[in-house]
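Peer 1: Chains as they are written, first to last, in the numbering used here: chain A, 5 to 324; chain B, 5 to 324.
Think of the CB as a built atom: it goes at the ideal place given N, C-alpha and C, for glycine as much as any other residue.
Please read these numbers as outputs of a predicted model, since none were measured by experiment.
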DNA sequence: TTTCTAGTTTAGAAAATCTAAATCAAGAGA
DNA sequence: TCTCTTGATTTAGATTTTCTAAACTAGAAA
C-alpha cells in the first residue's frame, strides 16, 4: 500500500503554494511562521525531491514542486468541497415530506401550515406523489403513504386507520331525501379508482355488502382518480361520495358535506409514516416526526368521537 | 475560508470506509484499534452529523456517511496519485539530452555511448532536434545548442568554441591537387545552410574573406541542411566541405578527411549546455553534467593541439 | 551603514495521538 | 441458559507531533 506523507506537512505545503508565502500560509492555518517553516521542510523530506527554492529571504516552488502542489491542492479541494457539503447539510435544513396527493391536499396540507406557523424557523416542503420515493438520498425526509408499501422503508410506523362513509352536500340531500341506505345506491354515485394494491376494499359494492345491502347493478357512476376530486365534486352537489373521514372530516364537521347514515367502513390497511433516520439530526426534524405521530393519534381519536347524523356531525367530548 | 476538519481523523475515516472495519483500518494505518476508534469519533464530531451507525459490535457508514466518504476518499486518491508520481520520479531515472541533430550524430552520440558504458546503471536518451525544447517539464534534462539561444534557458554555460576548416577525402584531393587556398574555391564546394540566427558566419564566402581571398562567383555549389550530411558527402569524395572540427574531428584524425591547409575560421558563437536544475537531484544527473563540461573542455583542448597538414592530422602533446 | 522584512532554527511547552488494558455488546456454541 | 469469541469503545497515561517564542540569518531598502 502507498503510504502517505505526513498530512500536516502536506497542508502547510498546499497553503504555501496557494498563497505564495510562508507568512500568508501561517496566517491561513492560524499558526506561527516557524511552524509552517518546519512543516515545509518535513514535506520536502517526505517527497524526497526539492519542492522549494530558497533564495535568501523568499521562497518559491520549484518546477516539480509546482506540479506536486497541483496534485496535492486538488486533494485539498476535494476536502473543502466535502466540508462545504457537510456544512450545507448542517445549516440549510429544509424538511421535505412526500405524501399521497389527495391526503396531502385534503388533510396534511392545512395541518402542516399550522405547524409551520408555530415553528417559524422551519422550512417545510410538501410533495404530493403516488410513487414511493427513496428516503436514502437527501431529497425526501418523510413519506406518508397507505397500505403494504411500508415494506419499502427501513424506518416506519402506523399513523392512523381510516374509514369511509357515504356523504353528499346538504343541497343534494334535500333534492334526494334518502330514507334508507338502499336509497343512496340509487342516487348518483361518485367513485374513486384506487391505484394498484391500495386495495379495492373501499368501493361502493364493498360498502353495500358491509351494511347488508346488495348492489349488483350500478346506477350512473362517475369515477375519479383522486379522492380529493371526488370529495370536491360531492361538495358541489354532484352526488354521493364514499368519503374518507380523514380527507372529508373537515368538510363534514363544517357542514359542507352531510352524512345521512353513520354507516362506516373501516379501510383494510392503515396509513403509515416512514422517515430517513438522518432527519432526526436536522433541526426540528425529530419534533416534526413527533408532531406527525401526534396528528395520527389525534385523527384516530377524532374518528372515535365523531357522531354522524343527517342533521349534522358533532364531536363527542374526548380525552383532552 | 473553509477550515478543514482534523486530517488524521479524515484519514481514519477514509481507511475505515474503504476497508469496512475498524480493525482493518487500524492495520492499514499501522496503529491500534483504539486509536482509530478515537479518530472516527473525532471525525464525526467535526462533521457534525452521524457518519457511522454502531450496532453493538459492528460499525457501518450511514447513508450520509457514505456520501461524505466518497468525497473524502477522492481527496486521498489524489494524494496517493501525487505520491506515486513523486516515487516514480525518485526511482526511474532516465537522463534525456536534446542536441542539435548534426552535433548529436557526429560528435555527442559516440562519446555518450562511452559514458553510458562506464555508467551501466544510467539510462540515457539522446534526441536530435533543431528547436529549443523546454527544460521546465520533465521531458528533457539537458540541451546542447549553439549561439544566442542560451537566453531561452535559466541555467546554462558555454561548452566549447568550434572552428571550420576546408576538408575533402584523400581520393578527391588526389584528383584535385590544390596548390593554394584559392584553388579550393574552384573545386566542387559542399555548403551548409545554417538555420535562422545560427549566423552565416561560417559559409565559404566568409572563410574566403578570412584568409584574404575573394570569392564572388560561386562554382557549382551543393547545399546541405545538415552539417553531418555535408561531411558524409565530402568523405564520399563529392567535394570540399567547410567542416567543423567538432563534427569532423574524428574523420580528420582517422584520415577519412584531409585538410590541405590549416586555415581555420572560428565560429562567431559558442556551443552551450543548458540544464534543468532538477536533474542534479537525479541519480548520475550531476555526474553527467560534469562529464559533459569536461567533454567541452576536452574539445577546446583538442582543437588547440590539432596540427592539420596535407599529409594528415596529428595531435600535439597536450596537458594530460 | 542601519533598518526592515521574510524566513529559519532552536529549545521547551502544549497538544495530539497512541498504546495497553479494562469494558461492552452481540452472536456462536455448549 | 451460560460461556466464549469477536469487534468495538473507553480510559489513563505514555509518546510523538506540533507549536510558540525568541534568537538568528540573509537580502533589500533607507
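Just to confirm, are residue 266/A and residue 194/A a CB contact at a threshold of 8 Å?
Peer 2: Contact flag unset, no.
Peer 1: Excluding five sequence neighbours on each side, which residues of the same chain lie with their C-beta closer than 6 Å to the C-beta of residue 33/B?
Peer 2: Closer than 6 Å at the Cβ level, and outside the excluded window around residue 33/B, lie 19.
Peer 1: Do residue 246/B and residue 211/B have their C-beta atoms within less than 8 Å of each other?
Peer 2: Closer than 8 Å, so yes.
Peer 1: Distance check for residue 156/B and residue 228/B, CA to CA, integer angstroms please.
Peer 2: Computed Cα separation, rounded: 27 Å.
Peer 1: Who are residue 57/A's beta bridge partners in DSSP?
Peer 2: According to DSSP, residue 57/A bridges with 64/A.
Peer 1: Are the beta-carbon atoms belonging to residue 111/A and residue 269/A less than 8 Å from one another?
Peer 2: No, Cβ-Cβ distance for residue 111/A and residue 269/A is not below 8 Å.
Peer 1: Using a Cβ cut-off of 9 Å, which residues of the stretch 91-114 of chain A contact any Cβ in chain B, in chain order?
Peer 2: Within the stretch 91-114 of chain A, the qualifying residues are 91, 93 and 94.
Peer 1: Per DSSP, what kind of secondary structure is residue 9/A in: helix, strand or coil?
Peer 2: Note: residue 9/A maps to coil in three-state DSSP.
Peer 1: Going along the chain, which residues of the stretch 115-147 of chain B sit with their C-beta nearer than 7 Å to a C-beta in chain A?
Peer 2: Here the close residues are 140.
Peer 1: Rounded to whole angstroms, what's the CA-CA distance from residue 143/A to residue 291/A? Just pull it up for me.
Peer 2: Answer to the nearest angstrom: the Cα atoms are 19 Å apart.
Peer 1: Give a yes or no on whether the C-beta atoms belonging to residue 309/B and residue 319/B are separated by under 8 Å.
Peer 2: Contact: yes.
Peer 1: Cβ closer than 8 Å: which chain A residues qualify as neighbours of residue 80/B?
Peer 2: Ordered by position in chain A, the residues that pass the 8 Å Cβ test against residue 80/B are 8 and 79.
Peer 1: Report yes or no: is there a C-beta of chain A within less than 8 Å of the C-beta of residue 52/B?
Peer 2: Chain A, which has a Cβ nearer than 8 Å to the Cβ of residue 52/B, makes this yes.
Peer 1: Can you check whether the CB of residue 148/A is closer than 8 Å to the CB of residue 99/A?
Peer 2: The answer is no: Cβ separation not under 8 Å.
Peer 1: Does the stretch 69-89 of chain B come into contact with the stretch 72-82 of chain A, if we say contact requires no fewer than three beta-carbon pairs (one atom in each stretch) closer than 8 Å?
Peer 2: These segments touch.
Peer 1: Counting only the same chain and skipping the five closest in sequence on each side, list residues whose C-beta sits under 7 Å from that of residue 136/A.
Peer 2: So the qualifying residues of the chain are 147, 149, 153 and 156.
Peer 1: Taking the alpha carbon of residue 280/B as the point to measure from, which residue in 10/B, 36/B and 145/B has its own alpha carbon closest?
Peer 2: Taking only the C-alpha atoms, the option nearest residue 280/B is 145/B.
Peer 1: Suppose contacts are defined by Cβ-Cβ distances below 8 Å. Is residue 263/A in contact with residue 171/A by that definition?
Peer 2: Yes.
Peer 1: Residues of the stretch 270-283 of chain A with a CB closer than 9 Å to any CB of chain B: list them in chain order, please.
Peer 2: Of all residues in the stretch 270-283 of chain A, 280, 281 and 282 have a Cβ within less than 9 Å of some Cβ in chain B.
Peer 1: If you follow the beta strand (DSSP E) that residue 170/B is part of, which residue opens it and which one closes it?
Peer 2: 160-171 is the span of the beta strand (DSSP E), which, as asked, contains residue 170/B.
Peer 1: Might you give, ordered along the chain, the residues of its own chain that have their beta carbon closer than 8 Å to the beta carbon of residue 217/A, omitting 5 neighbours on each side?
Peer 2: Answer for residue 217/A: 185, 186 and 189, listed in chain order.
Peer 1: With 8 Å as the threshold, decide whether the Cβ of residue 66/A is near any Cβ in chain B.
Peer 2: Closer than 8 Å to some Cβ of chain B, the Cβ of residue 66/A qualifies, so yes.
Peer 1: Mind the definition here: the stretch 48-59 of chain B touches the stretch 22-40 of chain B only if three or more C-beta pairs lie below 8 Å; say whether that holds.
Peer 2: The answer is no - the stretch 22-40 of chain B does not touch the stretch 48-59 of chain B, with fewer than three Cβ pairs under 8 Å.
Peer 1: Using the C-alpha atoms, what's the distance from residue 240/A back to residue 283/A?
Peer 2: Roughly 40 Å between the two C-alpha positions.
Peer 1: Quick check: is the beta carbon of residue 86/B nearer than 8 Å to any beta carbon in chain A?
Peer 2: So, interface residue.
Peer 1: Buried or exposed: which applies to residue 7/B, given that a residue is buried once 16 or more other Cβ atoms fall within 10 Å of its Cβ?
Peer 2: Looking at its Cβ environment, which holds fewer than 16 other Cβ atoms inside 10 Å, residue 7/B is exposed.
Peer 1: Which one of 61/B, 302/B and 162/B has the shortest CA to CA distance from residue 277/B?
Peer 2: Closest option to residue 277/B, Cα to Cα, is 162/B.
Peer 1: Grab the span of the alpha helix (DSSP H) containing residue 209/A for me, first residue to last.
Peer 2: Unbroken alpha helix (DSSP H) run through residue 209/A: 208-214.
Peer 1: Could you have a look at residue 34/A and say whether DSSP puts it in helix, strand or coil?
Peer 2: Residue 34/A falls in the coil class under three-state DSSP.
Peer 1: From the DSSP secondary-structure annotation, give me the bridge partner or partners of residue 311/A.
Peer 2: Beta-bridge pairing links residue 311/A to 318/A.
Peer 1: Per DSSP, what kind of secondary structure is residue 80/A in: helix, strand or coil?
Peer 2: Residue state, collapsed to three classes: helix.
Peer 1: Please say whether residue 257/A and residue 317/A have beta carbons closer to each other than 8 Å?
Peer 2: In contact: residue 317/A and residue 257/A (Cβ atoms closer than 8 Å).
Peer 1: Could you pull out every residue in the same chain whose Cβ sits closer than 8 Å to the Cβ of residue 93/B, ignoring the five residues on either side in sequence?
Peer 2: Around residue 93/B: 142.
Peer 1: Would residue 109/B be called buried (16 or more neighbouring beta carbons within 10 Å of its own) or exposed?
Peer 2: The residue is buried, with at least 16 neighbouring Cβ atoms inside 10 Å.
Peer 1: If we count the other Cβ atoms within 10 Å of its Cβ and call it buried at 16 or more, is residue 29/B buried or exposed?
Peer 2: Counting Cβ neighbours within 10 Å, residue 29/B comes out buried, since at least 16 surround it.
Peer 1: In terms of residues, what are the limits of the beta strand (DSSP E) holding residue 194/B?
Peer 2: Counting along the chain, the beta strand (DSSP E) containing residue 194/B begins and ends at 193-196.
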